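*Asks:*
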Amino acid sequence: MLRKNQGGFTLVELMIVVIIVGILAAVAIPMYQGATERAKASEAVAALGTIRGAMRVYYAEHGTYVNANFTLGAQVTNGNVLDVSDTDLLGRYFSTECYTFATAPTAAAYSIECDGAASTATYGSEVATIVRTIDHNGTIVNG
Numbered sequence: 006m007l008r009k010n011q012g013g014f015t016l017v018e019l020m021i022v023v024i025i026v027g028i029l030a031a032v033a034i035p036m037y038q039g040a041t042e043r044a045k046a047s048e049a050v051a052a053l054g055t056i057r058g059a060m061r062v063y064y065a066e067h068g069t070y071v072n073a074n075f076t077l078g079a080q081v082t083n084g085n086v087l088d089v090s091d092t093d094l095l096g097r098y099f100s101t102e103c104y105t106f107a108t109a110p111t112a113a114a115y116s117i118e119c120d121g122a123a124s125t126a127t128y129g130s131e132v133a134t135i136v137r138t139i140d141h142n143g144t145i146v147n148g
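All residue numbers for the sequence shown refer to this note's numbering, where the first residue is 6 and numbers rise by one.
#1: Give the straight-line distance between the Cα atoms of ASN83 and ALA126, rounded to the nearest whole angstrom.
#2: Got a sec? Which residues, its chain only, sit under 8 Å from THR111 by beta carbon, not counting five neighbours each side?
#3: Using a Cβ-Cβ cut-off of 8 Å (strictly less than) and excluding sequence neighbours within five positions of GLU3, which residues of its own chain qualify?
#4: When burial is assigned at 16 or more other CB atoms within 10 Å of the CB, is VAL151 buried or exposed?
#5: Have a look at MET20 and PHE99 and give me their C-alpha separation to the nearest angstrom.
#6: Please go through the same chain and pick out, in chain order, the residues whose beta-carbon is closer than 8 Å to the beta-carbon of ARG97, but skip the five residues on each side of it.
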């Protein structure tokens with residue numbers, strides 16, 4: 006015996022729902038991935054801010070950013086000149102090796118880069134494509 010008023014959804018209604026869910030997923034997944042990258046990069050930005058503060062202290066004490074340990078490609082903690090230690094820069098994603106001088110500092114300017122590809126931190130492989138640079142003005146550039 007067949008019932009005349011059987012409840013349920015038609016195939017067309019189900020297909021419409023599947024299409025709508027697919028469209029939402031296509032929009033949401035790239036947004037989520039961008040948000041997670043920005044969140045991971047915030048660790049580097051915070052450490053670059055710490056380094057910038059130490060560079061300001063160095064400049065206030067010496068009147069210049071020039072130092073024999075501050076050379077192109079040198080790690081920021083090289084020579085223990087700045088009041089920043091290896092443990093200050095060690096995070097979940099980025100390690101001390103990431104933070105290097107992007108240019109040789111002049112008397113009034115410097116540029117420091119954080120390159121995730123150099124990370125030896127626990128989850129360093131997740132930030133291999135992230136590069137951030139900060140200059141003496143505090144301008145942070147996404148590389």
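The C-beta atom is built at its ideal place from N, Cα and C for all residues, glycine as well. Here the structure is a predicted model, which is why all the values come from computation and not from measurement.
*Replies:* The short version:
#1: The residue labelled residue 83 in the question sits at position 78 within the sequence shown. The residue labelled residue 126 in the question sits at position 121 within the sequence shown. Those two C-alpha atoms are separated by around 18 Å.
#2: As a first step, residue 111 is located in the sequence shown; it is residue number 106 there, counting from the start. Cβ neighbours of THR111 beyond the five flanking positions: TYR70, VAL71.
#3: Residue 3 is absent from the model: the chain starts at 6 and stops at 148.
#4: Nothing can be reported for residue 151: it is not among the residues displayed for the chain, which extend from 6 to 148.
#5: Against the sequence shown, residue 20 aligns to sequence position 15. Against the sequence shown, residue 99 aligns to sequence position 94. Rounded to the nearest angstrom, the two C-alpha atoms are 45 Å apart.
#6: Your numbering for residue 97 matches position 92 in the sequence shown. Cβ neighbours of ARG97 beyond the five flanking positions: GLU48, ALA126, THR127, TYR128.
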